[in-house]
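**Q** Residue numbers (this note's numbering), protein chains in the order written: chain A, 6 to 437; chain B, 17 to 1031.
For each residue, glycine too, the CB sits at the ideal point set by N, CA and C.
Before I ask anything, let me first share the structure, which is written out below as structure tokens.
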Amino acid sequence: MMKKIIYGLLFFFLVGNSIAQQTPAKAQITGFSIEGATAHIGDGTVIKNSLIMFANGTINFIGSAMTKIARQGTVINAKGKHVYPGFIAANATLGLVEIDAVKATDDQDEIGIMNPHIRSLIAYNAESKVVESMRPNGVLMAQITPRGGTISGTSSIVQLDAWNWEDASIHADDAIHMNWPSSFISGKWWLGEDPALKPDAKYADKIGTIKTYFMNAKNYLEGTQTKTHLPYQSTAGLFNGSKKLFLHVNGQKEITDAITISKELGINNLVIVNGAHADKVVSLLVKNNIPVVLDRPHRNPNNEDDSYDATYTIAKTLIDKGVLVSLGMEGQMERMNTRNLPFYAGTFAAFGLDKEVALQLITLNTAKVLGIDAFTGSLAVGKDATLFISQGDALEMRGNILTDAFIQGRKISLETHQTKLWRRYSDKYKTK
Amino acid sequence: MLKELLLTIYKLVLVRFIVTNLNNPYQLMRKLLLFSFFLLTISLHSQDYFPTDSGVKTTENTIIAFTNATIYVTPEKVLKKGTLLIRDGKVMQVGKNINIPKGAKIVDLLGKTVYPSFIDLYSDFGIKKPKSAIRRSRIAQYNASREGYYWNDHIRPDVNPIKDFSFDTKKAKELLNAGFGVVNTHMQDGIIRGNGLLIALNPNASNAYRVLDTKSAQYLSFSKSALSKQAYPSSRMGAMALIRQTYNDATWYAGGNMKNTDLALEALNENKNLTQIFETGNLLDALRADKVGDEFGIQYTIVGSGDEFERINDIKSTNANFIIPINFSKAFDVSNPLLAQQISLRDMRKWNQEPSNLKVLSENGVNFALTARSLKSVKTFHTNLQKAIKYGFNKKKALASLTTIPANIIGNTTIGNLNVGSYANFIVTSGDVFDSKTTIYENWVQGAKNVVNDMTIKDITGNYMLYVNTQNYDLTITGKGSKQTATVKIGDKKVNAKFSFINEWISITLNEDSVYTRILGKVINASNVMEGTAYDTQGNETMWSASKKVKKNIKKKDSKKKKEEEAIVVLPVSYPNIGFGNYTMPKTETILIKNVTVWTSEAAGILNNTDVLLKDGKIAAIGNNLKARRAIEIDGTGKHLTAGIVDEHSHIAASAINEGAQNSSAEVTIEDVVDPNDINIYRNLSGGTTSAQILHGSANPIGGRSAIIKLKWGENAANMIYDDSPKFIKFALGENVKQSRSPNGTRFPQTRMGVEQMFVDYFTRAQEYEVLKKSGKPYRKDDEMETLVEILNGERFISCHSYVQSEINMLMKVAERFNFRINTFTHILEGYKVADKMAKHGVGGSTFSDWWAYKYEVNDAIPFNAAIMHNAGVTVAINSDDREMSRRLNQEAAKTMKYGGMSELEAWKTVTINPAKLLHIDNKVGSIKEGKDADVVLWNQHPMSIYAKVEKTIVDGKVLFDIAEDLKKRTAIKEEKSQLITMMLKEKMKGSKTKTPMKREDRNFHCDTLEALKN
């Protein structure tokens, strides 16, 4: 059996993985002018028949195509097409696992319960075949987030066309992620326990453990630090506000506890992730200016009696009440599904959100939540030229057909392992 | 008399024993045991042919006459002031004017009532459930542990519980106190469990007398034996298939066709004519058991679970006798709103509705007996029964369901009634046995008395005015029999008092600030006045008296109570009985959709500004300016109408998905385990899906048969399955079937090489089977082989779970070798690599739009797969294999336009006519064509737009999802939950026990889901 596994792995590394990823594009040399497209800015506005120009990786003009101004570098006629800022996937695990069922390819979950010092960035596989499959759908940046434990570790934000993790990084160590305990617990059915969800008697203890941990960290950081404590050291940013704390939490009670306790501990830069029932604690969120990173709407509602569209309408509910909302990826088959990011946003639009507002959930709002809006997230002068051209509405499956994509001005390949196989086998049948 | 004498002797000798052996406790115990044994053997019922060495031989032949009682000979035949004569443990005579023979002992039962003792047909009395077999190995056990029996350990008709039976005096006492006189006990272990023992609960006799029948019934269930870890069956449908095959084999065995001895089959054949009692855990299982029985001409008596009211018509049409428990659930503690919101409406409703179950069953003419099964304590039997009666269950029926009906079910005429010659099993009560105020005094079993509450103790309960020490007190006596207690008050002030009523003597000690008054006395006339002597602190003796107060406000209170009873609210049952269920089943309507964009999924393509008429459940007309009388007109301007979506690969609406304990499970069928109560049916409708193939999982190369269903929300399981449904079976290849992710896999095959050989082996055997079958020679009917023969003959189609090209090619070659064709490759993620071969073979491909990267064999899965296969001439469908995706397959179809550039029309066909073709239901559904079933979906815009929403989903001309009605249902759920929460809070305030809120388990079935749900 062991032998089989070893051979399997050998096969995978020698053969399966030998088809290298698309070669990353070189730094931008010539300028680009995209003319005639409908520009979806990412802040809720649209410029029809637009002109967008960028050089040296940065957007230096955006306005109407009627503007009388010299076109820079290569001119792309994009009449009838659409331009979007590169989509950003928050709370993703791209590059941390290649194949879900093959343990050897899984680097997303370190052992231990309190792992603030664990950094996702260095395990991010820039050459993952899953990563390259994001780009033809317009997903060009992602927050790479560790999973598991109570404190999972520290995330980083990357762009998705790079030789290695170091090149990929656009914001290293942006946030620490914590899984807030649930006040409910269900029996392990595979051990014959009743699988129904019941109140967890240990909830208070679990919260106590978290409190103690951060109190100790704080004491350590304020003290002389004679002996190095890596985990505590890594939390310094939380207390001085330079790092965000992403609270992965569901439930009215849990969200309230997570926010009030974090604030008590002096951690103020907070983001709620997933946040089931966040709509019931809106005033708390708005008052403290705390954004919510929703999970994918393409999942079943939590309870049997929930309305069928409960996961589709939540974005509108929160936005209408003034919450800053973004969209994350956590869940089943999350890596391969990250390329469906635009369609998740589209689903929110089908159920009440304005299309441009829905677009914000995967562009400017996400950039704001991740703290990268100064240089990306929307089509604006001075920001990175990370954008793409689509034949149609990029939130639509039918319209999301990319002709060109740029990351920091670099014109990237839209080919993948999958497109290669497509061409190869299409050709096979053509010659017959 | 003799008994009393014996008891006195026993007591005397016992005391001597204890005194003389005090210094040696061990010796004492031993002797005591011996002595008890000795006593037992010489007790009243010593067998008359047994030698006697303890004295002269005596024969008991006493007649006892019970006079002046109200006697329920049967629930129908009631005698007022009747007489019951018993002798030798049997009824000698019963009637109104009966001459009492000389020498009879007379018991005057004036004012009392006599009923036949109750019978419980589902009991484990005196039989211990075996402990689980220990199996340290983590490798699955495929073979049976027993030798000389059936190949499956869970078939145990040979189990005769008499050898494990030991009379449980303590439990007997509990049952006697509740009025039971006879129980049918058995070994509650295994799928076929062996015979029952009919036991009279007579602690005064030996087994020689109280075992009334050693083969009173045969018991079955869907649960495996604890005594074996044999893996098969691992699912409900496997258990059903196993029972069927066992019956086949029993017939084969009875014909003398087997070379070996099989004690299990022998026993099964011997027990064939007994009442067959089938234990089930819920309504769906009850219907499933009945279905299996009907196939073999066996009408099971079904042990129900208390939820029969949820689909009473289906229960009724089983024509089965039922044995129904009355274990009502407690209200949830809903005081914490956050916890309360986790409880599903169905669980809350159950609490409210289930007390009405007996009423509903009985009003619908279902024949049923009652059982104390699943009650934590038999003591609650009567309180629950009283509750059911409060909810409208008829008392006469209640009595019948405890006496004559259970007796009839097992064909025994000597119990459950007091006809001449029947066992003298009866209870003596103070009145109506189903009234909470009634006392059960005695429970006689086989003519022997068991005292429950001593009836010689007077009932002195009531309010009295007590006069003592020149002071008036209020004395209130409550309780029953020897447990009567009293409280004493002066005005509103409570007086510390100790009360006892023993041997007719009343004794009260009053303690007023350490001033004690002792009172002793008796009731003097009828029961209204008491008097006697009082002793004060100084030792002075005075007279005291107490007289009963006449209640004046009785009437007022009664009417108040009645009001409370009238206030019982039973919420209406919906179909299914969960949130979003239908209170009335939607009707087939005539619907005219005007001026709509019609996606025909036919050669006609898209028709703009067209009218579509639905009538009698069919698509009646497609055209312009259509008119129809009394049609509901829908303005379709700006909207799109499509055929209902067909999902080739789904696992919703099923209680089990995999029977993976053997490498072939061709004998099982998902049709057996369709679950009509799954909310995903409704949610799929909300996404436009109207038909689905519910496939077996991919745990083994030859999987189980499919259920092809229409998502008729509200209907029962049987009605959801297509009429004349095409026959399908799931096959599977690759990682799952070779147990790649199980560290302990030992089942053949473990490689793709083995998978081929397994198929060849099975099909070869099936060919041989058919040759023998056709030859006219005797053959052993094998459900598995029957299924494979259907495949060989092109009568059953294969939908095969497949990933990589090598195995896809292999299966086509195996099929070709046996002269049939694979119908569908499902998943088929590398179909694009062999699309030309697939087209040539004539197999369809049903694939995911874009899934990959979840396991090694999907490394080369590409979203362009559908387009490439389509271009190569393969019929391509996009499926879900996921209950969430199945509610938005329109979006998945749209992905074929993005990946590979399929045209709009062809893209839409991948979720409508193409899967319908693959499922051989395209003559009925899958496109908008005159004459086809009226299964259509109205969308607010282009159906493949991400912004599209379903406005109406119509199945057979019935609107099963309507976006406006859906909003109303949400409001109704909210209101009903609030109503139930109020009721539950009230219940808690009343002081009733409550239980912690909990959320239902929510399991998502995929191909890989190995374990079946409990139900």
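Would you mind stating whether B/Asn424 and B/Thr90 have Cβ atoms separated by less than 8 Å?
**A** Contact: no.
**Q** So B/Asn825 contacts chain A; which residues on that side make the cut at Cβ distance below 7 Å?
**A** Here the premise fails: no neighbours, minimum Cβ distance about 15 Å.
**Q** Flag B/Arg899 as yes if its beta-carbon sits less than 8 Å from any beta-carbon of chain A, otherwise no.
**A** True, the Cβ-Cβ gap to chain A drops below 8 Å.
**Q** Quick check: the Cα distance between A/His422 and B/Gly861, rounded to an integer number of angstroms?
**A** Each residue's alpha carbon lies about 22 Å from the other.
**Q** Report the rounded CA-to-CA distance for B/Phe141 versus B/Val175, giving the unit in angstroms.
**A** In a straight line, the C-alpha of B/Phe141 is about 16 Å away from that of B/Val175.
**Q** Which same chain residues, not among the five before or five after B/Phe82, have their C-beta less than 6 Å away from its C-beta?
**A** Answer for B/Phe82: Leu100, Val123 and Leu125, listed in chain order.
**Q** If contact is defined by three or more beta carbon pairs under 8 Å, each pair taking one atom from either stretch, is the stretch 933-943 of chain B in contact with the stretch 588-595 of chain B?
**A** No: the two stretches stay apart, fewer than three of their Cβ pairs being nearer than 8 Å.
**Q** How would you list, in chain order, the residues of chain A whose beta-carbon sits under 8 Å from the beta-carbon of B/Ala887?
**A** First, the residue type needs correcting, since residue 887 of chain B is Asn and not Ala in the sequence shown. Going along chain A in sequence order, the residues near B/Asn887 (Cβ under 8 Å) are Ser431 and Tyr434.
**Q** Based on the DSSP output, what are the partners of B/Arg154 in its beta bridges?
**A** DSSP lists no partner for B/Arg154.
**Q** Mind pulling the chain B residues with CB within less than 9 Å of A/Thr352?
**A** Ordered by position in chain B, the residues that pass the 9 Å Cβ test against A/Thr352 are Arg904, Gln907, Ile962 and Tyr963.
**Q** Is the beta carbon of B/Trp955 closer than 8 Å to that of B/Glu967?
**A** Yes. Within cutoff.
**Q** Return the residue from the list A/Thr381, A/Ile266 and A/Ser331 that minimises the CA-CA distance to A/Tyr218.
**A** Checked all of A/Thr381, A/Ile266 and A/Ser331; the closest Cα to A/Tyr218 is A/Ile266.
**Q** Output the residue ranges of the alpha helix (DSSP H) runs that lie fully inside the stretch 725-791 of chain B and measure 4 residues or longer, sorted by chain position.
**A** Counting whole runs of 4 or more residues, the stretch 725-791 of chain B contains the alpha helix (DSSP H) stretches 733-736 and 768-791.
**Q** Strictly under 8 Å for the Cβ-Cβ distance: is B/Ser360 near chain A by that measure?
**A** Judged by the 8 Å Cβ criterion, B/Ser360 is in contact with chain A.
**Q** Tell me which same chain residues have a C-beta within less than 7 Å of the C-beta of A/Leu419, skipping the five on either side of it?
**A** So the list reads Arg140, Pro141, Leu407 and Ala410, once near-sequence residues are dropped.
**Q** In terms of residue numbering, what span does the alpha helix (DSSP H) encompassing A/Val136 cover?
**A** Run containing A/Val136: Lys134 to Glu137, per the alpha helix (DSSP H) assignment.
**Q** Please report the straight-line C-alpha distance between B/Lys499 and B/Ile87, rounded to a whole angstrom.
**A** So the two alpha carbons sit approximately 27 Å from each other.
**Q** Where do the N-terminal and C-terminal ends of the alpha helix (DSSP H) with B/Ser378 fall, by residue?
**A** B/Ser378 -> alpha helix (DSSP H) spans Asn373 to Glu379.
**Q** Figure out for me which residue from A/Ala399, A/Asp314, A/Ile118 and A/Tyr129 has the closest Cα to the Cα of A/Ile215.
**A** Checked all of A/Ala399, A/Asp314, A/Ile118 and A/Tyr129; the closest Cα to A/Ile215 is A/Ile118.
**Q** When the Cα of B/Gly713 is compared with those of B/Leu701, B/Asp740 and B/Ala748, which residue comes out closest?
**A** Nearest option by C-alpha distance: B/Ala748.
**Q** If you follow the beta strand (DSSP E) that B/Met481 is part of, which residue opens it and which one closes it?
**A** Gly478 to Val484 is the span of the beta strand (DSSP E), which, as asked, contains B/Met481.
**Q** What's the C-alpha gap between A/Val4 and A/Thr391?
**A** Beyond the ends of chain A as shown, which are 6 and 437, falls residue 4 of chain A; an answer cannot be given.
**Q** Given a limit of 7 Å on CB to CB distance, which residues of the stretch 396-423 of chain A reach chain B?
**A** So the list reads Leu400, Glu401, Met402, Arg403, Asn405, Ile406 and Gln423, given in the order they occur along the chain.
**Q** Determine, for B/Leu55, whether the minimum Cβ-Cβ distance to residues of chain A falls below 8 Å.
**A** Unreliable placement is indicated for B/Leu55, whose pLDDT of 43 sits below 50; the coordinate value is still reported in the next sentence. No - not a single Cβ of chain A is within 8 Å of the one on B/Leu55.
**Q** From which residue to which residue does the alpha helix (DSSP H) around B/Trp268 run?
**A** Element bounds for B/Trp268: Arg252 to Ala270.
**Q** By the DSSP assignment, the beta strand (DSSP E) with B/His656 in it spans what residues?
**A** Run containing B/His656: His656 to Ala659, per the beta strand (DSSP E) assignment.
**Q** Which one or two residues does DSSP pair with B/Lys505 in a beta bridge?
**A** According to DSSP, B/Lys505 bridges with B/Asp490 and B/Lys510.
**Q** If you count every other CB in all the chains shown that lies within 10 Å of the CB of B/Phe54, and 16 or more means buried, which is it?
**A** The predicted position of B/Phe54 is uncertain, since its pLDDT is 41 and thus under 50; no value can be drawn from it.
**Q** Do B/Thr296 and B/Ser333 have their beta-carbon atoms positioned less than 8 Å apart in this structure?
**A** Contact flag unset, no.
**Q** B/Ala708 CB to nearest chain A CB: under 8 Å?
**A** Not an interface residue.
**Q** Kindly say whether A/Ile149, judged by its beta-carbon, lies nearer than 8 Å to any beta-carbon of chain B.
**A** With 8 Å as the cut-off, A/Ile149 does not count as an interface residue toward chain B.
**Q** How would you write the range of the beta strand (DSSP E) that B/Trp521 sits in, first residue to last?
**A** Taken as a continuous stretch (DSSP letters only), the beta strand (DSSP E) holding B/Trp521 covers Trp521 to Glu528.
**Q** Which residues of chain A have a Cβ atom closer than 7 Å to the Cβ of B/Ser702, listed in chain order?
**A** In chain order: Tyr313.
**Q** Between A/Ala201 and chain D, is the shortest Cβ-Cβ distance under 8 Å, so that the two count as touching?
**A** Reference to chain D is not applicable here, since the protein chains of this structure are A and B.
**Q** Within 10 Å of its beta-carbon, does A/Gln365 have 16 or more other beta-carbons around it, so buried, or fewer, so exposed?
**A** A/Gln365 is buried by the Cβ-count criterion.
**Q** Threshold first: 4 residues or longer. Then list the alpha helix (DSSP H) segments lying entirely within the stretch 396-438 of chain B, N to C.
**A** Counting whole runs of 4 or more residues, the stretch 396-438 of chain B contains the alpha helix (DSSP H) stretches 396-406, 411-418 and 420-425.
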